[in-house]
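Okay, structure first, notes after.
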Amino acid sequence: MAKFYITTPLYYVNDKPHIGHAFATITADVMARWHRLNGEKIFFLTGTDEHGEKNQKAAEAAGITPQQYVDGLADVYKSVWKAMNISYDGFVRTSSPGHEAAAAHFVELMNKNGDIYKGEYEGWYCVPDETFFTELQLVNGKCPDCGREVKKVKEESYFFRLGKYQQRLLDHYSENPEFLSPELRSDEIKNRVKSGLKDLSITRASIKWGVPFPLDKSRTVYVWVEALVGYLSGIGWPSKDADVVWPADTHLVGKEINWFHSVIWPAMLMSAGLPVPKRIFAHGWWTIDGKKMSKSVGNIVDPVEMVKKYSADPFRYFLIREKPISEDGDFSEKAMITRINGELVADLGNLVSRTVTLTSRFNGPIAGKPELESHLRLEKITEKMERFDPFGALEEIWSFIRASNKYVNEKSPWKLDGAELSNALYNLLEACRIISIMVSPFMPETSEKLNAQLGVKAGTLKDCRFMEWKGNVVKGEHLFRKME
Ligand code: MSP
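Numbering of the sequence shown is given in my numbering, commencing with residue 44 and proceeding in unit increments.
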């Protein structure tokens, strides 16, 4: 049986999830559900990145331990994902004992390979992003990612020989073109690696809230380095159970953390003697009036509010359908309402309601010739999903929905009777059944409601073809609510 292991980034616990985080998690969920429909063995991992200076400080300010502080916050993430119907198989927390042991073991493997040495670190640190920068990388003396203040750090530190892996990384990129996805992002990584790789400082002396560095317990492991190991500890590594899941098939990440995943992480894995993930997929950002949504800009949209107002499925649908995954796109409720009323209420909702209403008025047996089948392009849809293009897949699915609506208009079943009516209903019912399967990864609740109205069981990708009609229609409510 084919397996598919997909991950989201491990989110910093202290930021409340916003629609940027929701987008990544929903996208990974859609992909996981699609591969499940395809009968593959799935492991879908998400989780939280809980160490680092900002949590240590926030806990101090609140007068509690860092562990108490992060415990409450990890639950917030779990409840948000529940509201969005996220079907994760594992939720890793980097402050858990299992993760800490795995991270320490990983460092020991790198050390055994001769890749760790002691030196002096000097550079700039952005506390909110938990990221180091060189003088050259700063923009007007501030963090090049978020624009906030950075502080100077100078201390003894242990280093990872990242530079040693330059050629192996470049070879890996050229032998595995899918590794750096999408293609439009691969050149920036390759060029930066070609221009030279500096060794990486992987310990912090001043940060207490972290994984103790196994070679010198007075220090902790740099948060990014141990957080990446979360993709392994989250599947039980170093226990043997992890071997059937690892390597990851796709790490889905935002474009600003691509470097950690496409360069540092594979080099760490090569050093530890472990296989490298098959694909790092970097997605684009959600913006508000053209600005990246972030706490520092203060333009956060709360996904829980959106789900309360529009419900989970329309929100999931909108995030996937509004912009191609690798591009940036603007979020607005106005755009969401337009898509809900047009594509969900008018296209899909009306197709189902007309089909079900017409069928409930008909008493004869339902059978016919599959006239709509030629409009269904399942291979195209599958190909798009495999290339990690859920936006393109939805476009294809909707062209089948629109073709089915056109069929209703052209056939005007309300004017037909007997075998002709039976044939039209057959086509529409089978189309609705197939649509229900194809939209289920995107809108799982809608698919369940639709199956209930058709009186069919949930199908798999194998059932996405015109067969004998075997359902038993029970008319229900309209699938979607029109929004003002
Ligand atoms: N903790 C690290 C990841 C460690 S993975 C081993 C981290 N966490 S984060 O919470 O700051 O960000 C998680 C993800 O959210 C990133 O992939 C980032 O791209 C994504 N987003 C944050 N803001 C975003 C938008 N405005 N739009 C889309 N996604 C963005 O980084």
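From the three backbone atoms N, C-alpha and C, an ideal C-beta is built for every residue, glycine too.
For residue i, which residues in the same chain have their Cβ closer than 6 Å to its Cβ, ignoring the five residues on either side in sequence?
i	result
Gln-99	Pro-109 and Trp-252
Val-288	Tyr-48, Phe-86 and Ile-278
Gly-502	Ile-480
Arg-225	For the sequence presented, residue 225 should be read as Pro rather than Arg. Ser-369, listed in sequence order.
Val-499	Arg-476 and Gly-514
Asp-132	Phe-86 and Phe-87
Lys-525	Asn-384 and Val-388
Please report how far the alpha carbon of residue i lies from the alpha carbon of residue j, in whole angstroms.
i	j	result
Leu-415	Glu-491	23 Å
Met-379	Gly-407	41 Å
Arg-420	Glu-96	51 Å
Lys-194	Ala-145	30 Å
Ile-343	Ile-62	8 Å
Glu-348	Pro-60	11 Å
His-294	Tyr-55	17 Å
Val-268	Glu-199	17 Å
Ile-69	Arg-382	18 Å
Lys-352	Pro-346	10 Å
Arg-404	Lys-125	39 Å
Lys-427	Ala-436	5 Å
Asn-219	Thr-50	19 Å
Ser-375	Trp-329	10 Å
Glu-302	Asn-466	The sequence shown places Trp at residue 302, not Glu. Cα to Cα, the separation comes out at about 56 Å.
Leu-394	Thr-89	36 Å
Pro-171	His-304	19 Å
Asp-292	Arg-322	6 Å
Phe-324	Asp-230	14 Å
Arg-136	Val-272	11 Å
Gln-180	Lys-207	22 Å
Asn-452	Lys-458	11 Å
Ser-417	Gly-411	15 Å
Ile-250	Val-306	25 Å
Asn-156	Val-319	17 Å
Val-296	Ala-285	21 Å
Ser-537	His-142	Outside the shown range of the chain, which is 44 to 527, sits residue 537, and nothing can be said about it.
Asn-234	Lys-454	57 Å
Lys-377	Glu-527	9 Å
Gly-115	Pro-413	54 Å
Lys-283	Pro-290	13 Å
Asn-154	Ser-276	19 Å
Verify the contact flag: residue i, CB atom, against every heavy atom of the ligand MSP, threshold strictly below 7 Å.
i	result
Ile-300	yes
Val-296	yes
Gly-63	yes
Pro-318	no
Lys-121	no
Leu-53	yes
Leu-271	yes
Asp-92	yes
Met-311	no
Phe-149	no
Lys-335	yes
Ala-67	yes
Trp-328	yes
Asp-188	no
Asp-58	yes
How many whole angstroms separate the CB atoms of residue i and residue j, which I take to be in contact at a CB cut-off of 8 Å?
i	j	result
Ser-314	Asp-158	5 Å
Ile-409	Phe-443	Not a contact, Cβ separation roughly 20 Å.
Phe-203	Ile-232	Contact doesn't hold; Cβ gap of about 18 Å is too wide.
Asn-128	Glu-488	7 Å
Val-236	Gln-209	6 Å
Leu-472	Leu-497	7 Å
Pro-187	Phe-176	6 Å
Val-264	Val-150	6 Å
Going along the chain, which residues of its own chain have a beta-carbon closer than 8 Å to the beta-carbon of residue i, five neighbours each way excluded?
i	result
Glu-178	Gly-166 and Trp-167
Tyr-201	Ile-159, Tyr-160, Lys-161, Gly-162, Ser-244, Ile-245, Thr-246, Phe-256, Leu-258, Asp-259 and Arg-262
Gly-190	Val-182 and Ser-339
Excluding the 5 residues flanking residue i on each side, which residues of the same chain have their C-beta closer than 7 Å to its C-beta?
i	result
Met-481	Ile-424, Ile-440 and Cys-507
Thr-400	Lys-518
Val-73	Ile-363, Pro-433, Pro-484 and Phe-485
Ser-138	Glu-93, His-94, Gln-110 and Val-113
Arg-445	Asp-390
Lys-335	Trp-328
His-148	Pro-281
Val-350	Ala-126, Met-127 and Phe-358
Pro-456	Leu-401, Leu-464, Ala-467 and Leu-468
Phe-523	Pro-357, Ile-383, Leu-387, Val-388 and Gly-392
Arg-397	Val-451
Ala-105	Tyr-112
Should residue i be flagged as near chain D, meaning a C-beta pair shorter than 8 Å?
i	result
Cys-475	The structure shown contains no chain D, having only a single protein chain.
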